[in-house]
Every structure is written in structure tokens, then in C-alpha cells.
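In the working numbering, the protein residues as written are 348 to 526.
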Amino acid sequence: DSDVLFFFFFVFSSRRRHTRLRRDWSSDVCSSDLMKKIKVILADDHDLLHECLATLAIRDDSGIQFVGNVKNGYDLFKVVRNVECDIILLDIIMPGPDSLDILKTLKIEFPQIPVLIVSGLSEDRFAVRYLKAGASGYFCKERSFDELFQSIKKVFNGQTAISSSISKKMRSEEHTSEL
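Structure below.
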């Protein structure tokens, strides 16, 4: 029994030393290498959007890295379970389950991962519904890629990424419900 105990102690203590060594090594790395990239999973059924975003993120050194691209809700859950990410970009219309149901399920299973809705549909008709269901923002595809990257960074920093008109609409609805 004492041999087994010694073995587990040795393995555990050597793992801790190894972890410490790795941490010490990382502190020697140049500070620009330590800048954390925001890891994003994109759920959208348009190949062009996948390719453009990935290319622009690399080319512009945006601080954003696309770690997963899926074209439907079923694949999204598989990827989120297996790939570490900081944010999910979710299109409203794509094959598979309804995007509102996907959002609600994501917020139950992965409450720590913010979801930014990216859609070509009018924010006036859909944004408030998705924000109330747990989205961290709503982004219309007719806006620029730079604005999208700004919205991703905003959501990553714990802010809500919405237009001023939606913000006003939500405040108005809150005021109306208080009466």
C-alpha cells in the first residue's frame, strides 16, 4: 500500500512541478505573444461569410480567431462541446433547429459563453426577442466587418452590442412594463 501511495504522490507532485515550469516559461515570452485572441465559433450557413471573416481576422490582426465554423444548429452543439471558445456568432436563419431555441439551449448548457446574433433580418423585428432570450448583442449583416469585430470585442468585454435604436426600444419597453 505504501508503494502505491508513493507512486500517486510522485505522479501528482511531478505534474505540479511541470505545470509550474510551463507557467514560468510563458512569462519569458514576449508580451505581444501573450495578447489573448478572442476565440469565436461562427454558426452561419453562408460559406462566403465564413471565408471573409476568417481572412479578415487574420489579415487585419484583429485579435479575433475563428476556432469553429458550422452551417447548422446540430453541428453547433457538437463543436461547442469540443472546442474552447469565448463567443458564439449565431445566424437567425440556417438549417436545423430554430435559432431562438438554439440560443435558449446554449444559455442553459453554456451560460458562460456569450452569443452575438448576426443576421440579415431587420433588428427592429427580431433584436429585442433575441436579447430577452439571452443574446449578448444583435448585429445586422448590412453593417461593416470592422463594426462586427468591434461588436465581438464589446461582447467579449461583457458589454451588450446593440444599436442605439434598439437600446432606446428596450428602454421604452422597460418603462412601459413598469407602468
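Glycine is no exception: its CB is placed at the ideal position from the N, C-alpha and C atoms.
Those residues which DSSP pairs with residue i across a bridge
i      : result
Gly484 : Leu463 and Ala508
Three-state secondary structure (DSSP) of residue i
i      : result
Lys501 : helix
Leu468 : coil
Lys386 : strand
His397 : helix
Phe492 : helix
Phe457 : coil
Lys516 : helix
Asp407 : coil
Tyr477 : helix
Exposed unless 16 or more other CB atoms sit within 10 angstroms - verdict on residue i
i      : result
Cys604 : Summary: the structure shown does not reach residue 604, with the chain confined to residues 348 through 526, and so no result is reported for it.
Ile455 : exposed
Below-7 Å beta-carbon distance, residue i vs any chain D residue
i      : result
Gly420 : Absence of chain D from the displayed structure is noted, only one protein chain being present.
- [ ] Mind the definition here: the stretch 422-439 touches the stretch 454-467 only if three or more C-beta pairs lie below 8 Å; say whether that holds.
- [x] yes
Task: Contiguous alpha helix (DSSP H) assignments of at least 4 residues, all confined to the stretch 410-451 - done: The alpha helix (DSSP H) runs of length 4 or more contained entirely in the stretch 410-451 are, from start to end of the chain, 420-429.
Open item on the list: With three or more C-beta pairs closer than 8 Å as the rule, is the stretch 385-393 touching the stretch 410-417?
Closed with: Pairwise C-beta distances place the stretch 410-417 in contact with the stretch 385-393, as three or more of them are shorter than 8 Å.
- [ ] Report yes or no: do the stretch 487-499 and the stretch 420-432 share at least 3 C-beta pairs separated by less than 8 Å?
- [x] no
- [ ] Could you tell me whether the stretch 445-454 touches the stretch 472-485, where touching means 3 or more Cβ pairs closer than 8 Å?
- [x] yes
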